[in-house]
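Novice:
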């Protein structure tokens, strides 16, 4: 199996499993089981379908982290730390777009379905709104986001270490 595919599997599956286990652990102890934050008057589809949203973030992270680990695996010290933080920030921003589309699809399943050209317009609205508000929903998801940042840093650092070319 090519090195890139192994790294992608490590990052994606690792992020999904750690994100899911973290969600389940926090869901058991958080008041009313609310793990994720939300905006005022926002339908909390991410609470109803948490593993789909975790999968969106995991796939996005897998793509970004794999590309960066293959390109910058030789970085060390503060440069590696800066690259890892950049990967995490980029993941949040990029994953907000498909996350917004997924939110809109869940909204359609709840009965707010549109037809024709309006359908595509609504999906684009979901992508745009996801980019505008997705990062805020993640920022409001305490302590899940803090745990995710720490674990994301550890997994990315490990991926960088194993992706170094053998000299």
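In the working numbering, the protein residues as written are 1 to 167. We treat Cβ as the ideally placed atom computed from N, Cα and C, and that holds for glycine.
Starting from the Cα of residue 96, find the closest Cα among 60, 83, 85, 160 and give me that residue.
Specialist: Locating residue 96 in the chain shown gives position 96, counting from the first residue. The candidate whose alpha carbon is nearest that of residue 96 is 60.
Novice: In angstroms with no decimal places, state the Cα-to-Cα distance between residue 159 and residue 57.
Specialist: In the chain shown, the residue the question calls residue 159 occupies position 159. In the chain shown, the residue the question calls residue 57 occupies position 57. Computed Cα separation, rounded: 17 Å.
Novice: Pull up the distance between the alpha-carbon of residue 118 and that of residue 112, whole angstroms please.
Specialist: For the purposes of this step, residue 118 is taken as residue 118 along the chain shown, with counting starting at 1. For the purposes of this step, residue 112 is taken as residue 112 along the chain shown, with counting starting at 1. Using only the alpha carbons, I get a separation of about 12 Å.
Novice: With a threshold of 7 Å on Cβ separation, who are the neighbours of residue 65 within its own chain once the five nearest residues in sequence on each side are excluded?
Specialist: What you label residue 65 is simply residue 65 of the chain shown in a count that begins at 1. 11, 87, 156, 159.
Novice: Residue 35 and residue 26 - do their beta-carbons sit closer together than 8 Å?
Specialist: As a first step, residue 26 must be located in the chain shown, where it is residue number 26. As a first step, residue 35 must be located in the chain shown, where it is residue number 35. For residue 26 and residue 35, yes; Cβs fall inside 8 Å.
Novice: Classify residue 163 as buried or exposed, calling it buried when 16 or more other Cβ atoms lie within 10 Å of its own Cβ.
Specialist: Counting from one through the chain shown, the residue named residue 163 turns up at place 163. It counts as buried.
Novice: State buried or exposed for residue 154, treating a residue as buried only when at least 16 other CB atoms are found within 10 Å of its CB.
Specialist: As a working mapping, residue 154 is identified with position 154 in the chain shown. Sixteen is the threshold: since fewer than 16 other Cβ atoms of the shown chains lie within 10 Å of the Cβ of residue 154, the residue is exposed.
Novice: With 16 other CB atoms within 10 Å as the buried threshold, where does residue 48 fall?
Specialist: On the chain shown, residue 48 is found 48 positions in, with the first residue counted as 1. Exposed.
Novice: If I follow the unbroken alpha helix (DSSP H) through residue 31, where does it start and stop?
Specialist: Position 31 of the chain shown, counted from the first residue, corresponds to residue 31. Counting along the chain, residue 31 falls outside any alpha helix (DSSP H), and DSSP gives it neither H nor E.
Novice: Does the Cβ-Cβ distance between residue 99 and residue 53 come in under 8 Å?
Specialist: In the chain shown, residue 99 corresponds to position 99, counting from 1. In the chain shown, residue 53 corresponds to position 53, counting from 1. Yes.
Novice: Please report the distance separating the alpha-carbon of residue 139 from that of residue 62.
Specialist: Within the chain shown, the letter at position 139 stands for residue 139. Within the chain shown, the letter at position 62 stands for residue 62. Answer to the nearest angstrom: the Cα atoms are 21 Å apart.
Novice: Helix or strand or just coil, what does DSSP make of residue 98?
Specialist: Within the chain shown, numbered from 1, the residue matching residue 98 stands at position 98. Three-state result, residue 98: helix.
Novice: Can you give the Cα-Cα distance for residue 80 and residue 116, rounded to whole angstroms?
Specialist: Walking along the chain shown from the start, residue 80 turns up at place 80. Walking along the chain shown from the start, residue 116 turns up at place 116. Going from the Cα of residue 80 to the Cα of residue 116 covers about 47 Å.
Novice: Going straight from the alpha carbon of residue 171 to that of residue 78, what length do you get?
Specialist: No statement about residue 171 is possible, as the shown extent of the chain runs from 1 to 167 and does not include it.
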